[in-house]
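Just so we're aligned: 599 in the UniProt record's numbering is position 180 of the sequence shown, and the numbers increase by one with no gaps anywhere. Just so it is clear, CB atoms sit at the ideal spot from N, CA and C, and this is done for glycine as well. What follows is a set of notes on a single structure, which appears directly below.
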Amino acid sequence: VAKNKHIQGAQFYSSEKYNEIRKRATMENELRKAVEHKDFHLLYQPQIDLRTNEMVGVEALIRWENEELGFISPGEFIPIAEEIGVIGQLTEWVLETACLKGKEWQQQGIPPLRIGVNISPYMIGEELVLMVEKTLEKTGLEAKYVDLEITESFMQDPDYAIHILKKLKEIGVRLSIDDFGTGYSSLSNLRKLPVDCLKIDRSFIQEMLEDEGVIVKTILDMANHLKLSVVAEGIETEDQLQFLNTLHCQVGQGYYFSRPVAEVPVTSRFLSKG
Ligand code: C2E
Ligand code: MG
Ligand code: MG
Ligand code: MG
Numbered sequence: 420v421a422k423n424k425h426i427q428g429a430q431f432y433s434s435e436k437y438n439e440i441r442k443r444a445t446m447e448n449e450l451r452k453a454v455e456h457k458d459f460h461l462l463y464q465p466q467i468d469l470r471t472n473e474m475v476g477v478e479a480l481i482r483w484e485n486e487e488l489g490f491i492s493p494g495e496f497i498p499i500a501e502e503i504g505v506i507g508q509l510t511e512w513v514l515e516t517a518c519l520k521g522k523e524w525q526q527q528g529i530p531p532l533r534i535g536v537n538i539s540p541y542m543i544g545e546e547l548v549l550m551v552e553k554t555l556e557k558t559g560l561e562a563k564y565v566d567l568e569i570t571e572s573f574m575q576d577p578d579y580a581i582h583i584l585k586k587l588k589e590i591g592v593r594l595s596i597d598d599f600g601t602g603y604s605s606l607s608n609l610r611k612l613p614v615d616c617l618k619i620d621r622s623f624i625q626e627m628l629e630d631e632g633v634i635v636k637t638i639l640d641m642a643n644h645l646k647l648s649v650v651a652e653g654i655e656t657e658d659q660l661q662f663l664n665t666l667h668c669q670v671g672q673g674y675y676f677s678r679p680v681a682e683v684p685v686t687s688r689f690l691s692k693g
């Protein structure tokens, strides 16, 4: 009897494990196909100047819906794209699509918006520099409207990263550190980085009202000293917005203003709920 139980348990475990492995294999195959057929779309989340209520930019966020697997979040498939070596092609598609959209909005007479594009830390290299140059040339969007969002994890090799970031700055694009505060970049490295903006990670905005905003205040203070702009990510409530206003935070982004959307409103004046 004991033996049987053991076997049953083992079978249960292995079929679950089997399903997991099969799902992963399906995901990898489908992702390869999706990259090949450019089977994604982008949504854009407004970034709002908290003093004027004006939309000053958007962040492009990739979406993937697969017939077999349904909707898969970028948090799930981007790491897989990195692992199976398709992140370069994927990034190229995102960059080009975002730049074309930016150009299109300008042609529609929408006041120029900056477009944030997420760049995987795996992409930090000469190939990215060429890709950005080529895409700007191809789409005709001015470099200053492109904002590359990079997380702190590129700091694993700070000297090389700084070298590449400097080349990107020479092209004229803006550089932001995404999810700022969650990585492990040292403060001394931060001073050497040729970046323009820190995006304060959503987790700090969410905790802000409980801890009297010590983290957010500290980041804002530091950004001021280093002459960097700041975007507060993940603003969801009026209270959070008001508190950020008292701290003189410049720009914010979050569900309170808008979820990521396929098209931004035609006017730059953002109709906030407040
Ligand atoms: P991220 O760059 O930090 O993007 C912000 C994420 O927070 C987005 O999730 C956005 O939808 C979500 N968000 C915005 N406002 C709020 C809010 O008020 N509350 C909450 N709870 N969430 C909010 P999403 O679109 O699922 O993207 C997740 C992550 O996937 C991104 O984090 C980014 O790291 C990565 N990602 C998305 N698109 C791309 C892409 O085109 N390329 C690369 N390499 N990574 C991407
Ligand atoms: Mg981002
Ligand atoms: Mg972020
Ligand atoms: Mg993130």
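Check: Nearest-angstrom beta carbon gap, residue 560 and residue 522 [assumed within contact, 8 Å]; Outcome: 5 Å
Check: Sequence-distant residues of the same chain with beta carbon closer than 7 Å to residue 677, five excluded per side; Outcome: 464, 465
Check: Rounded separation between residue 544 and residue 592 - CA only; Outcome: 15 Å
Check: Best match in 485, 478, 594 for proximity to residue 445 [C-alpha to C-alpha]; Outcome: 485
Check: Pairwise C-alpha distance: residue 651 and residue 605; Outcome: 20 Å
Check: Through-space distance from residue 679 to residue 672, alpha-carbon basis; Outcome: 10 Å
Check: Where residue 476 falls: helix, strand or coil (DSSP); Outcome: strand
Check: Closer than 7 Å: residue 568 CB and nearest ligand 2 heavy atom; Outcome: yes
Check: Option nearest residue 510 by Cα separation, candidates 527, 481, 584, 602; Outcome: 481
Check: Separation of residue 661 from residue 669, as counted between CA atoms; Outcome: 12 Å
Check: Closer than 7 Å: residue 473 CB and nearest ligand 2 heavy atom; Outcome: no
Check: Whole-angstrom distance between residue 657 and residue 399, CA atom to CA atom; Outcome: No statement about residue 399 is possible, as the shown extent of the chain runs from 420 to 693 and does not include it.
Check: For residue 441, the three-state DSSP class (helix, strand or coil); Outcome: helix
Check: Burial state of residue 440 (16 or more Cβ within 10 Å); Outcome: exposed
Check: Continuous alpha helix (DSSP H) assignments of at least 4 residues falling wholly in the region 525-597; Outcome: 545-558, 577-590
Check: Continuous beta strand (DSSP E) assignments of at least 3 residues falling wholly in the region 586-654; Outcome: 593-599, 616-619, 648-651
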